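For the sequence shown, the numbering used here begins at 27 and goes up steadily by one. Note that beta-carbon positions come from the ideal geometry of N, C-alpha and C, so glycine has one too. The structure presented is a predicted model; accordingly, all values stated were derived computationally and were not measured. One structure is given here, and the rest of the page talks about it.
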Amino acid sequence: MNKISVADLFVSEPDPSWFGNGPNEPDHPCWTNKNWLKSRFHFSFAEWHGGRNRFGCLRVVNDDLVQPSRGFGTHGHQDMEIITYILHGGLTHKDSMGSEETLGRGSVQFMTAGTGVMHSEYNLDPEQDLRFIQSWILPRTQGLTPRYGSFSADSNTRHARLNQWLHLVSDLEGTGKIQIHQDFNLFASEIEEGKSLEFELKPSRQAYVLCLEGTLMVNQMILEKHEAVEIPPTSEISSITFSGQMGDEQTHLLLYEMSV
27 MNKISVADLF
37 VSEPDPSWFG
47 NGPNEPDHPC
57 WTNKNWLKSR
67 FHFSFAEWHG
77 GRNRFGCLRV
87 VNDDLVQPSR
97 GFGTHGHQDM
107 EIITYILHGG
117 LTHKDSMGSE
127 ETLGRGSVQF
137 MTAGTGVMHS
147 EYNLDPEQDL
157 RFIQSWILPR
167 TQGLTPRYGS
177 FSADSNTRHA
187 RLNQWLHLVS
197 DLEGTGKIQI
207 HQDFNLFASE
217 IEEGKSLEFE
227 LKPSRQAYVL
237 CLEGTLMVNQ
247 MILEKHEAVE
257 IPPTSEISSI
267 TFSGQMGDEQ
277 THLLLYEMSV
């Protein structure tokens, strides 16, 4: 297993004008960062070219913190499956297909960018910041018809991922809340301190595990918030143990599972 530490990530804090935002307000009492956006890149992206380009079909994992009343103005995407998992705050999405909605913690939205789509993403709350994980998956086919969909979390969603796997994303014939055009699965879980969860990684499958909140033990490896681990494929079934650890936050993770 290959650990991706916080020091391995690139921290991007772009100029607010890049996405149509007004000047930063670092002295605003509700701002938790001096720049409108603080984004941690797990793979080479935008202005950073010094990282890995991908892990299997996983091309982008960005951990974004957006300040109140700020966001990403209208911009375009093409030939990518884009998945966004909201950790806190509300993410308001609007696109050229006519989709518009606001999603909160534990919710997932996706776009098949296909032949091309324009969209915007905003934190419209004037007081609370927004944190989300955006992941880009390479589709098995290019030139797909663009589409949008989402899974909106409710009061039962946290229980559904507490000390167990919540299957969020799968292939078209899979059982995830959302289906995309790739042999890929995304699971979420929150694990209480002292509790453990098993995952069986089948032969010729690989996984990327991201610690979102708290402290996570993967077998005997410790991951802190923002850190990740690559789990390579083997010729036999691999049983992986995930354990919740003591800390200020409860352990919360995403597990990306895919073919080689």
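Pull the bridge partners of residue i from the DSSP assignment, please.
i, result
"residue 237", "279"
"residue 135", "110 and 176"
"residue 269", "222 and 243"
"residue 254", "30 and 236"
"residue 45", "Residue 45 is not bridged to any residue."
"residue 263", "Note: residue 263 sits in no beta bridge, so no partner."
Can you give the beta carbon distance from residue i to residue j, rounded, assuming they're within the 8 Å contact cut?
i, j, result
"residue 217", "residue 269", "7 Å"
"residue 31", "residue 253", "6 Å"
"residue 4", "residue 161", "There is no way to answer for residue 4, as the model of the chain reaches only from 27 to 286."
"residue 136", "residue 175", "6 Å"
"residue 239", "residue 283", "With a Cβ gap of about 20 Å, residue 239 and residue 283 do not count as contacting."
"residue 235", "residue 194", "About 14 Å separates the two Cβ atoms, so there is no contact after all."
"residue 177", "residue 203", "4 Å"
"residue 281", "residue 213", "4 Å"
"residue 255", "residue 50", "So it is not a contact: roughly 34 Å between Cβ atoms."
"residue 133", "residue 112", "5 Å"
"residue 163", "residue 87", "Going by Cβ atoms, the distance from residue 163 to residue 87 rounds to 10 Å, so no, they are not a contact pair."
Here's the rule: buried if 16 or more other CB atoms are within 10 angstroms of the residue's CB, otherwise exposed. What is residue i?
i, result
"residue 22", "Since the first residue shown for the chain is 27 and the last is 286, residue 22 is missing from the structure and cannot be characterised."
"residue 237", "buried"
"residue 263", "exposed"
"residue 79", "exposed"
"residue 100", "exposed"
"residue 228", "exposed"
"residue 247", "exposed"
"residue 14", "In the structure displayed, the chain extends from 27 to 286; residue 14 sits before or after that span and is not available."
"residue 61", "buried"
"residue 68", "buried"
"residue 139", "buried"
"residue 190", "exposed"
"residue 46", "exposed"
"residue 48", "exposed"
"residue 233", "buried"
"residue 56", "exposed"
Does the beta-carbon of residue i, which I'm using as the reference point, lie nearer than 7 Å to any heavy atom of the ligand ADP?
i, result
"residue 193", "Absence of the ligand ADP from the depicted structure is noted, as is the absence of any ligand whatsoever, leaving it without description."
task = Determine, using beta-carbon pairs with one atom in the region 121-132 and one in the region 82-92, whether at least three such pairs fall under 8 Å.
result = no
Continuous beta strand (DSSP E) assignments of at least 3 residues falling wholly in the region 143-227 = 143-149, 156-163, 173-177, 192-197, 204-206, 210-217 and 222-227
inquiry  = Contact between the region 111-118 and the region 145-159 is defined here as three or more beta-carbon pairs at a separation below 8 Å; is this criterion met?
reply    = yes
request  = Tell me the start and end of each unbroken alpha helix (DSSP H) in the region 52-137 that is at least 4 residues and wholly inside, in chain order.
outcome  = none
task = Please confirm if the region 180-187 is in contact with the region 101-113, defined as three or more CB-CB distances below 8 Å between the two stretches.
result = no
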